[in-house]
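A.B. asks: Chains A and B, in that order, give the protein sequences.
The letter at position 89 of the first sequence is residue 89 when you use our numbering, and the numbering goes up by one with no holes.
The letter at position 17 of the second sequence is residue 324 when you use our numbering, and the numbering goes up by one with no holes.
Once you've had a glance at the structure underneath, I'll fire off some questions.
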Amino acid sequence: MNQKDIQAIRAIITRHKRWDMLFGLLGLLALMVGVLTLTVLFADMAIKGAARIDYDFLTSFPSRRAGSAGILSAWVGTILVMLVTAMSAVPLGVAAGVYLEEYAPKNWVTDLIEINVTNLAGVPSIVYGLLALGLFVYKFGFGQSILSAGLTLGLLILPVVIVATRESIRAIPQMVREGAYACGATTWQTVRDHIVPYSSAGILTGVIIGMARAIGETAPIITIGALTFIAFLPPAPYTEVFPYISFEWLMAPFTVMPIQMFNWTSRPEAAFQVNAAAAGFILVLMTLAMNGMAIWLRYRLRRNIKW
Amino acid sequence: MTANAQTMSVPMTSAPDSVSDRLRKRASRHMKERVIEFILFSAASISVLTTAAIVYILVSESLTLFEHVSLWDFLTDTQWTPLFDDAHYGIMVLLSGTLTSSFVALAVALPLGTIIAIWLSEFASFRTREIAKPILELLGGVPTIIYGYFALMVVTPALQYLFPELPGFSLLSAGLVMGIMIIPYVSSLSEDAMRAVPMSLREGSYAMGATRLQTALRTVVPAATSGIASAYILGISRAVGETMILAVAAGMQPNLTFNPAEPGATITSYIVQVALGDLPHGSIGYQTIFAAGLTLMLMTLCFNLLGYYMRKRFREVY
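As structure tokens, this is what we get:
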């Protein structure tokens, strides 16, 4: 090989290395677009809204005057709706996940269920809103209530819970089941005493991610026709007289945080935009905290469990 | 996984209760197992019921609309004014908004998502990846109403600074923010697919003297095509079904346009707009949102089926 060829080869190598480095930079840049958006979004809300957040903001009802409006009915509504969502989605999702992993025979019924779960995860959330409007609000007669909204969001996050349950069950080694069966346990005993307890942390992670998604969902709740101006609280869940527990709140009209924020965002007055930023800031903090918790939980889980 | 612990013979040594007692217990336990299995099965079949209910509600409400409006008008009319006296029902108008905003979103999300996925899978160190992935996940976890607010209050003014003639509501700013929201969906699935490509393929490529970029683009990406394609399709169906960003930042006037710099209504934002007003149950306006929903559902179903087909067709098994 003469000197000229070697030099040509070296030039090619340098060029390829330069491309390699350029792409490294490009990737970092692309990542920064995401990080930067997240930062700007967070900072913008913090700067505009944080000054508005005080005790009065949390304990006042919405008002026609931006200065005295608050989010009391919104955060109470959010908590109650989330309660219904968790009560419906967690038992159903875990049961479905357990069935698909531990019981389901290999046949077309199981295939049908699996395809449906995958497909439902891809259905836009607003379609769930239409389902709820037709089914819960009018066919079942639940009206525009906390119950309708909670069940809608429950259905929406059901695939998330099912998938999380299945994945954490699948991570349990086969020998755990074999050990249980060898001791004469029935399938249910194995599931109750071994499978569910061992996968509970993974299931919890999935539930938190699902709830974080449900808490910010706006479209399906608007679709069922939730009112945006609610200046009262639902009836209390306890009563003075026997039986002390009341479920009247399930049927009460309500508003939730994202709807309150949407309402304020769509007003022309700048003062309401400040309220929207404040409500948004609280909402973002809530979802980020929930997502962060799920990520931390998953991280802990991966470190601690060594089968 | 059905182990039949019940069918094993019952041990008869030193039992305080008689054999018949035990057999009875066994029978009741068997019964209990069956009941529990049935309950769990019912929970699992909720998913099938949900799909069936969605299809039933959308189709039955839409059918009552199509008694008044012919399918041909619905598909070809160039105006969408169902709430006016001079009512027109051309879904094209809403569809154009959906397609335009999705196009803008995907023009952002697909390239950025793919670059991030390649970078995370082939270039980043373990530490960087451990930090970057949760951040991307947070990006996907922010409620869409927050993104809508962000598009309206931050991105639109910023774009107006660059292009002063941009209106206060535009498909462009909504689409751009939507694209950023979709990045994590594209990047995390594509990255999973790339990381599933066996190390031996990379080693072969490196042994031939390829650089990391060459290995990534000519070996890893082709080997992960099916996964990347299904990530893209997930991104597309997210973009088509996205609601709140468009309802807040794109304006809600129906507008037959493919120009992103104009305001417009999409299928989803139209549904929100109608639901915000008080439309009586059973009116034509009420039925139109179900017809719009059915159109949306059919579109996402097509994408889902396409994704399923792609995964089957191009799956590389190692």
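Glycine is no exception: its CB is placed at the ideal position from the N, C-alpha and C atoms.
Classify N107 of chain A: buried if its beta carbon has 16 or more other beta carbons within 10 angstroms, exposed otherwise.
C.D. replies: For the purposes of this step, residue 107 of chain A is taken as residue 107 along the first sequence, with counting starting at 1. By the 10 Å Cβ count, N107 of chain A comes out exposed.
A.B. asks: Is the distance from the Cβ of L112 of chain A to the Cβ of V342 of chain B below 8 Å?
C.D. replies: If you number the first sequence from 1, residue 112 of chain A lands on position 112. If you number the second sequence from 1, residue 342 of chain B lands on position 35. Their beta carbons are not under 8 Å apart, which means L112 of chain A does not touch V342 of chain B by this criterion.
A.B. asks: Mind checking if P441 of chain B is an interface residue toward chain A, Cβ cutoff 8 Å exclusive?
C.D. replies: The count along the second sequence starts at 1 and reaches residue 441 of chain B at position 134. Yes, because at least one Cβ of chain A sits closer than 8 Å to the Cβ of P441 of chain B.
A.B. asks: I'd like to know if M206 of chain A contacts chain B, where contact means its C-beta is closer than 8 Å to some C-beta of that chain.
C.D. replies: In the first sequence, residue 206 of chain A corresponds to position 206, counting from 1. The question names Met, but residue 206 of chain A is Gly in the sequence shown. Chain B contact via Cβ: absent.
A.B. asks: Evaluate D585 of chain B with the Cβ neighbour count: other Cβ atoms within 10 Å of its Cβ, from every protein chain shown; 16 or more gives buried, anything less gives exposed.
C.D. replies: Translated into positions along the second sequence, residue 585 of chain B becomes position 278. Exposed, since its Cβ has fewer than 16 Cβ neighbours within 10 Å.
A.B. asks: Looking at the secondary structure, which residues open and close the alpha helix (DSSP H) in which R338 of chain A lies?
C.D. replies: A query on residue 338 of chain A cannot be resolved here, the shown segment of chain A reaching from 1 to 307 and no further.
A.B. asks: Name the residues in the segment 8-41 of chain A whose C-beta lies less than 8 Å from a C-beta of chain B; which are they?
C.D. replies: If the cut-off is 8 Å between Cβ atoms, the segment 8-41 of chain A has H16, K17, W19, D20, F23, G24, L26, G27, L28, A30, L31, V33, G34, V35, T37, L38, V40, L41 near chain B.
A.B. asks: Quick one: residues in its chain with C-beta nearer than 6 Å to the C-beta of Q580 of chain B, no 5 flanking neighbours on either side, listed in chain order?
C.D. replies: As a first step, residue 580 of chain B must be located in the second sequence, where it is residue number 273. Only M559 meet the Cβ criterion.
A.B. asks: Output needed in chain order: residues of the segment 248-263 of chain A with a Cβ under 7 Å from some Cβ in chain B.
C.D. replies: Result list: P258, M261, F262.
A.B. asks: Write down every uninterrupted run of the beta strand (DSSP E) in the segment 367-400 of chain B whose length is 3 residues or greater and which is fully enclosed by it, in chain order.
C.D. replies: With a minimum length of 3 residues, no continuous beta strand (DSSP E) run stays inside the segment 367-400 of chain B.
A.B. asks: Please list, in chain order, all residues of the same chain as R618 of chain B whose beta carbon is under 7 Å from its beta carbon, the five residues on each side excluded.
C.D. replies: Here residue 618 of chain B is taken as the residue at index 311 of the second sequence, counted from 1. The answer, listed in chain order, is S533, S537.
A.B. asks: May I ask which residues mark the beginning and end of the alpha helix (DSSP H) holding C609 of chain B?
C.D. replies: To locate residue 609 of chain B, count along the second sequence from 1; it is residue 302. Unbroken alpha helix (DSSP H) run through C609 of chain B: 591-620.
A.B. asks: Quick one: does A289 of chain A have its CB under 8 Å from some CB of chain B?
C.D. replies: Translated into the one-based positions of the first sequence, residue 289 of chain A becomes position 289. Judged by the 8 Å Cβ criterion, A289 of chain A is not in contact with chain B.
A.B. asks: In the structure shown, what three-state DSSP assignment does L356 of chain B receive?
C.D. replies: Position 49 of the second sequence holds residue 356 of chain B. Helix at L356 of chain B.
A.B. asks: Who are the neighbours of Y138 of chain A on chain B, taking C-beta pairs under 7 Å?
C.D. replies: Numbered from 1 along the first sequence, position 138 holds the residue referred to as residue 138 of chain A. Within chain B, the residues near Y138 of chain A are H588.
A.B. asks: Check each candidate in A:G24, A:L41, A:R213, A:M290 and name the one with the smallest Cα separation from F281 of chain A.
C.D. replies: As a position in the first sequence, residue 281 of chain A is number 281, starting the count at 1. F281 of chain A has its Cα closest to that of A:L41, out of A:G24, A:L41, A:R213, A:M290.
A.B. asks: When we look at the beta-carbon of M125 of chain A and count the other beta-carbons within 10 Å, is it buried (16 or more) or exposed?
C.D. replies: As a working note, residue 125 of chain A is residue 125 in the first sequence. Looking at the sequence itself, residue 125 of chain A is Ser, so the reference to Met does not match. The residue in question, S125 of chain A, is buried, as its Cβ has 16 or more Cβ neighbours within 10 Å.
A.B. asks: Going residue by residue through the segment 397-482 of chain B, where are the continuous alpha helix (DSSP H) segments of at least 4 residues, counting only ones entirely within it?
C.D. replies: As far as the segment 397-482 of chain B is concerned, its whole alpha helix (DSSP H) runs of at least 4 residues are 398-425, 433-448, 451-457, 463-469.
A.B. asks: Distance check for N611 of chain B and Q174 of chain A, CA to CA, integer angstroms please.
C.D. replies: The sequence position of residue 174 of chain A within the first sequence is 174, counting from 1. The sequence position of residue 611 of chain B within the second sequence is 304, counting from 1. So the alpha carbons of these two residues sit roughly 32 Å apart.
A.B. asks: Can you give the Cα-Cα distance for S63 of chain A and S73 of chain A, rounded to whole angstroms?
C.D. replies: Taking the first residue of the first sequence as position 1, residue 63 of chain A is located at position 63. Taking the first residue of the first sequence as position 1, residue 73 of chain A is located at position 73. Cα-Cα distance, rounded: 11 Å.
A.B. asks: Going straight from the alpha carbon of G210 of chain A to that of V196 of chain A, what length do you get?
C.D. replies: Locating residue 210 of chain A in the first sequence gives position 210, where the first residue counts as 1. Locating residue 196 of chain A in the first sequence gives position 196, where the first residue counts as 1. Whole-angstrom Cα-Cα distance: 19 Å.
A.B. asks: Helix or strand or just coil, what does DSSP make of P258 of chain A?
C.D. replies: Counted from its first residue, the first sequence places residue 258 of chain A at position 258. Correct three-state label for P258 of chain A: helix.
A.B. asks: At a CB-CB cut-off below 8 Å, which residues of chain A make contact with G548 of chain B?
C.D. replies: The residue given as residue 548 of chain B occupies position 241 in the second sequence. In chain order: V123, P124, S125, I126, V127.
A.B. asks: Taking Cβ positions only, does Y103 of chain A come closer than 8 Å to chain B?
C.D. replies: What you label residue 103 of chain A is simply residue 103 of the first sequence in a count that begins at 1. Closer than 8 Å: yes.
A.B. asks: For G542 of chain B, report the span of its alpha helix (DSSP H) as first-last.
C.D. replies: Residue 542 of chain B sits at position 235 when you count from the first residue of the second sequence. Looking at the DSSP string, the run of the alpha helix (DSSP H) that includes G542 of chain B is 532-548.
A.B. asks: Taking 8 Å as the threshold (beta carbon to beta carbon), is Q313 of chain B in contact with chain A?
C.D. replies: Position 6 of the second sequence, counting from 1, holds the residue named residue 313 of chain B. Legend: pLDDT at Q313 of chain B = 46, less than 50; position of this residue unreliable, no value from coordinates given.
A.B. asks: Is A278 of chain A near the ligand PLP, going by C-beta to nearest heavy atom under 7 Å?
C.D. replies: Inclusion of the ligand PLP in the displayed structure is not the case, the ligand content being empty and no account of it being possible.
A.B. asks: By the 10 Å Cβ neighbour count, where 16 or more other Cβ atoms means buried, how is Q594 of chain B classified, buried or exposed?
C.D. replies: On the second sequence, residue 594 of chain B is found 287 positions in, with the first residue counted as 1. So Q594 of chain B counts as buried.
A.B. asks: What separation, rounded to the nearest whole angstrom, lies between the Cα atoms of V127 of chain A and L151 of chain A?
C.D. replies: Along the first sequence, one-based indexing puts residue 127 of chain A at 127. Along the first sequence, one-based indexing puts residue 151 of chain A at 151. So the alpha carbons of these two residues sit roughly 14 Å apart.
A.B. asks: Measure the C-alpha to C-alpha separation of T287 of chain A and I13 of chain A and round it to an integer number of angstroms.
C.D. replies: Sequence index remark: in the first sequence, residue 287 of chain A carries index 287 (1-based). Sequence index remark: in the first sequence, residue 13 of chain A carries index 13 (1-based). Cα to Cα, T287 of chain A sits roughly 48 Å from I13 of chain A.
A.B. asks: Counting C-beta neighbours from all protein chains within 10 Å, is the total for M315 of chain B 16 or more, i.e. buried, or is it exposed?
C.D. replies: Here the question's residue 315 of chain B lines up with position 8 in the second sequence. Note that M315 of chain B has pLDDT 48, beneath the 50 cutoff, so the model's placement of it is unreliable and the number below is only indicative. When all chains shown are included, M315 of chain B counts as exposed.
A.B. asks: Hey, how far is the Cα of P561 of chain B from the Cα of T388 of chain B?
C.D. replies: Along the second sequence, read from residue 1 onward, the residue named residue 561 of chain B stands at position 254. Along the second sequence, read from residue 1 onward, the residue named residue 388 of chain B stands at position 81. Each residue's Cα considered, the two are about 8 Å apart.
A.B. asks: Checking 8 Å against the spacing of the C-beta atoms, do L135 of chain A and A360 of chain B come in under that value?
C.D. replies: For the purposes of this step, residue 135 of chain A is taken as residue 135 along the first sequence, with counting starting at 1. For the purposes of this step, residue 360 of chain B is taken as residue 53 along the second sequence, with counting starting at 1. Yes, Cβ-Cβ distance for L135 of chain A and A360 of chain B is below 8 Å.
A.B. asks: Check whether the segment 442-459 of chain B touches the segment 291-302 of chain A, counting contact only when three or more Cβ pairs, one atom from each stretch, lie closer than 8 Å.
C.D. replies: Segments in contact, yes.
A.B. asks: In terms of residue numbering, what span does the alpha helix (DSSP H) encompassing W108 of chain A cover?
C.D. replies: Translated into the one-based positions of the first sequence, residue 108 of chain A becomes position 108. Segment 108-121, the alpha helix (DSSP H) holding W108 of chain A.
A.B. asks: Under 8 Å: do the segment 398-408 of chain B and the segment 563-578 of chain B share three or more Cβ pairs, one atom per stretch?
C.D. replies: Segments in contact, yes.
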